[in-house]
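Below: the structure, in structure tokens.
Residue numbers (the working numbering): 0 to 172.
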């Protein structure tokens with residue numbers, strides 16, 4: 000391995016979620032929220048227009064809200080659990096490397112690769128996370144990937160120094 004600031008491992012799943020929020024901010028689709036609001040309003044209108052007692056209407060509305068809310072919650076939870084499982088599979092191999100003045104070297108079981116600083120087009124820093132990206136490919140570093148706090152500070156310093164080599168590009172859609 001080349002001399003440089005050594006790191007080991009991958010960022011955590013939670014940090015991966017932070018990276019994706021930084022690189023691919025979602026404004027959220029307004030159309031599905033409007034459709035959902037109209038759907039709920041339609042169900043409520045139908046239930047309230049029936050000729051049954053108010054207590055039955057209230058119970059039906061509550062049950063509908065629990066079913067719709069529970070289904071949404073379950074789908075979110077299942078999606079999150081699947082993403083965590085897939086992330087753990089993808090990062091099951093050991094990985095280590097080093098940051099140097101030339102670039103970043105990665106070594107894993109059967110692979111050795113190096114990325115030069117000018118490969119990247121995006122640099123983002125947030126609390127305890129640095130992201131280097133090009134299009135939808137990214138590399139992220141966090142303090143726990145380094146042997147010491149000094150190494151983490153050196154990493155931040157090298158990346159700050161190399162920002163001038165990184166040509167800004169439009170964000171991926």
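Virtual Cβ for every residue (Gly too), placed ideally from N, Cα, C.
State the Cα-Cα distance for the pair residue 99 and residue 33, rounded to the nearest angstrom.
Roughly 51 angstroms separates the two Cα atoms.
Please determine if the stretch 119 to 137 and the stretch 44 to 57 are in contact, where contact requires at least 3 C-beta pairs separated by less than 8 angstroms.
They do not touch, by the three-pair rule.
With residue 4 and residue 150 assumed to form a contact (beta carbons below 8 angstroms), what rounded beta-carbon distance in angstroms separates them?
The distance from the Cβ of residue 4 to that of residue 150 is about 5 angstroms, consistent with a contact at the 8 angstroms cut-off.
Across which residues does DSSP place residue 94 in a beta bridge pair?
Partner(s): 107.
Please report the residue range of the alpha helix (DSSP H) in which residue 161 lies.
Boundaries of the alpha helix (DSSP H) around residue 161: 148 to 161.
My guess is that residue 115 and residue 126 are in contact by the Cβ rule of under 8 angstroms, so how many angstroms apart are they, rounded?
Rounded, the Cβ-Cβ distance is 27 angstroms, inconsistent with contact.
If we call anything under 8 angstroms between Cβ atoms a contact, is residue 46 one with residue 139?
Going by C-beta atoms, residue 46 is not nearer than 8 angstroms to residue 139.
Just list the residues that DSSP pairs residue 199 with in beta bridges.
A query on residue 199 cannot be resolved here, the shown segment of the chain reaching from 0 to 172 and no further.
Between residue 92 and the rest of its own chain, which residues show a CB-CB distance below 6 angstroms, the 5 nearest in sequence each way excluded?
For residue 92, where only same-chain residues beyond five positions count, the Cβ hits under 6 angstroms are 107, 108.
What residue does the alpha helix (DSSP H) around residue 83 start on, and which one ends it?
First-last of the alpha helix (DSSP H) with residue 83: 53 to 89.
From the DSSP secondary-structure annotation, give me the bridge partner or partners of residue 102.
DSSP, once it has assigned bridges, lists 115 as partnering residue 102.
Close beta carbons around residue 111, own chain, < 8 angstroms, minus the five adjacent residues each side
Spatial neighbours of residue 111 in its own chain (CB-CB distance under 8 angstroms, excluding positions within 5 residues in sequence) are listed in chain order as 104, 105.
Just reading off the alpha helix (DSSP H) that residue 30 is part of, what are its end residues?
Segment 29 to 47, the alpha helix (DSSP H) holding residue 30.
Among the candidates 129, 154, 84, whose CA atom is the shortest distance from the CA of residue 21?
When each option's Cα is compared against that of residue 21, the closest is 129.
Assumed close pair residue 15, residue 86 - CB separation to whole angstroms, cut-off 8 angstroms:
Contact annotation, residue 15 with residue 86: C-beta distance approximately 6 angstroms; criterion of less than 8 angstroms satisfied.
Cα-Cα, which of 146, 161, 133 is closest to residue 23?
Closest by alpha carbon: 133.
From residue 157 to residue 113, what distance separates their C-alpha atoms?
Rounded to the nearest angstrom, the two C-alpha atoms are 16 angstroms apart.
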